[in-house]
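Numbering (UniProt numbering), first residue to last: 1 to 450.
To start, the structure under review is shown below, and the notes come after it.
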């Protein structure tokens, strides 16, 4: 979470307050320790109940907006609203159920995430695979303790997990804030040591560039993220729920497609990393190819344009357009990254290059000159937490075109529509509903007149 917040605010906003950030991280750690030692005092329940009320309001507004605009087209918004209501129920302190529901959900979440981390570390075998296994084992241990109601009883599960969140986020905040003081003017937060732990090779942080306070003022340019989803880039796929959406799709002949991702800034920048020679995606050796080790490095190439790529293959089936981005930082990043064309199916692929380019392009996009207000807008935006969830899954495994698509959509909503809080969303939904009703009445009047 902390790394993503730093990325959205940028070094220009955070470097002047590195001491306050360090102090805040230490305070969070101490508060987490205090909560762990005094879980049963009930003081934290007021804070968590307030959070639950916020989630209820957000969930109801999401559902109401989806219903007003049409559930058939906006069912994802309704599903997101329902998830907020479930989260509110888990967070809210309900004495009659002893918070068993929250214990089961949190325990299951830790267990699934822990097993996922362990399995991913074994299969992907990235440079920090041992750390991934250790983190997974710790999560499995926490899940066991939560589900068995020892040493923390079920009714204290939520405060316990909240304390763990404070401890881990406080530690991350200190690790990121301290190196800020040594960051040169115009430097990128992606050059900080904690960003180097990302689970892919060849991470190229944005080089130092002169600060420009007017960099976000241009609306005449468009930054396009193109995605060829795995299931959309082959004919007659055999559908496998979630797998063909986020990992790979298999056609009737057994050929595997992982999809593709690219980024374009017209007129001259096109980022599309591809192996120089097609990698055999046969099912027999595909698992071995998933290893992120250097033994799977192959020569790569950078495709010239979308026109050429579409002529050689097919057009992308998804596109996400950004209008708020730093073109100068993006070009500086690409100049550094494109010096090495090495391709690795897991660790240095089309998707990781697009994500790193997006990191460079949107770093600092959420900063408007008021760092604390901007910070509050970020962490109070439910889209941000979904964004963090997608990024966390990808960094634990690797980036795929399906994850790039989800991340790009959420990132655009977070950096370009952060001011559209629930009041405006509900107002827009009601207005749209009234317009639809007016159109329907007009159609009925014309039909009656005939």
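All C-beta atoms in this analysis are idealised placements derived from N, C-alpha and C, irrespective of residue type, glycine included.
Start and end residues, beta strand (DSSP E) containing residue i
i: residue 264; result: 260-265
i: residue 322; result: 318-322
i: residue 300; result: 300-302
i: residue 156; result: No beta strand (DSSP E) holds residue 156; DSSP gives it neither H nor E.
i: residue 269; result: 269-271
C-beta contact flag for residue i and residue j at 9 Å
i: residue 358; j: residue 408; result: yes
i: residue 172; j: residue 3; result: yes
i: residue 85; j: residue 63; result: yes
i: residue 360; j: residue 394; result: no
i: residue 152; j: residue 162; result: no
i: residue 374; j: residue 36; result: no
i: residue 53; j: residue 88; result: yes
i: residue 157; j: residue 111; result: no
i: residue 140; j: residue 25; result: no
i: residue 356; j: residue 168; result: no
i: residue 270; j: residue 306; result: yes
i: residue 317; j: residue 232; result: yes
i: residue 389; j: residue 229; result: no
i: residue 329; j: residue 363; result: yes
Residue i burial status per 10 Å Cβ neighbour count (16 or more: buried)
i: residue 146; result: buried
i: residue 106; result: buried
i: residue 383; result: buried
i: residue 1; result: buried
i: residue 234; result: buried
i: residue 187; result: buried
i: residue 403; result: buried
i: residue 257; result: buried
i: residue 346; result: buried
i: residue 12; result: buried
i: residue 27; result: exposed
i: residue 70; result: exposed
i: residue 369; result: exposed
i: residue 414; result: buried
i: residue 311; result: exposed
i: residue 20; result: exposed
i: residue 309; result: buried
i: residue 113; result: buried
i: residue 199; result: Residue placement at residue 199 is poorly supported in this model, since its pLDDT is 48, which falls under 50; the coordinates still yield a value, given next. With 16 or more other Cβ atoms within 10 Å, it is buried.
Element boundaries [alpha helix (DSSP H), containing residue i]
i: residue 17; result: Counting along the chain, residue 17 falls outside any alpha helix (DSSP H), and DSSP gives it neither H nor E.
i: residue 389; result: 382-396
i: residue 231; result: That residue, residue 231, is in no alpha helix (DSSP H); it is neither H nor E in DSSP.
i: residue 132; result: 129-147
i: residue 372; result: 371-379
i: residue 107; result: 100-124
i: residue 407; result: 401-416
i: residue 308; result: 306-312
i: residue 361; result: 350-362
i: residue 335; result: 327-337
i: residue 6; result: 2-9
Below-9 Å beta-carbon distance, residue i vs any chain D residue
i: residue 249; result: Included in the structure is just one protein chain, with no chain D present.
Spatially closest choice to residue i from the options, by CA coordinates
i: residue 223; options: 232, 262, 189, 188; result: 262
i: residue 313; options: 144, 56, 227; result: 227
i: residue 17; options: 7, 109, 180, 184; result: 180
i: residue 58; options: 341, 294, 381, 176; result: 381
i: residue 352; options: 401, 307, 363; result: 401
i: residue 154; options: 194, 102, 144; result: 102
i: residue 56; options: 81, 33, 66; result: 81
i: residue 323; options: 365, 335, 309, 277; result: 365
i: residue 79; options: 386, 109, 299; result: 386
i: residue 469; options: 356, 221, 367, 294; result: Because the chain is modelled from 1 through 450, residue 469 falls outside the range shown and cannot be assessed.
i: residue 341; options: 272, 21, 415, 121; result: 272
i: residue 60; options: 83, 38, 70; result: 83
i: residue 298; options: 267, 348, 22, 269; result: 348
i: residue 277; options: 19, 303, 363, 116; result: 303
i: residue 185; options: 376, 15, 398, 121; result: 15
i: residue 23; options: 115, 354, 178; result: 178
i: residue 320; options: 267, 350, 249, 410; result: 410
i: residue 398; options: 182, 120, 363; result: 120
i: residue 315; options: 335, 225, 100, 246; result: 225
i: residue 264; options: 148, 372, 138, 334; result: 334
i: residue 128; options: 367, 77, 339, 195; result: 195
i: residue 149; options: 372, 193, 104, 130; result: 104
i: residue 416; options: 367, 192, 65; result: 367
Presumed contact (8 Å Cβ cut-off) between residue i and residue j, rounded CB distance
i: residue 378; j: residue 170; result: Actually they do not touch by this definition, with Cβ atoms about 17 Å apart.
i: residue 166; j: residue 31; result: 6 Å
i: residue 274; j: residue 301; result: 6 Å
i: residue 176; j: residue 6; result: 6 Å
i: residue 115; j: residue 136; result: 7 Å
Near the ligand ZN: residue i beta-carbon under 8 Å from a heavy atom
i: residue 221; result: Absence of the ligand ZN from the depicted structure is noted, as is the absence of any ligand whatsoever, leaving it without description.
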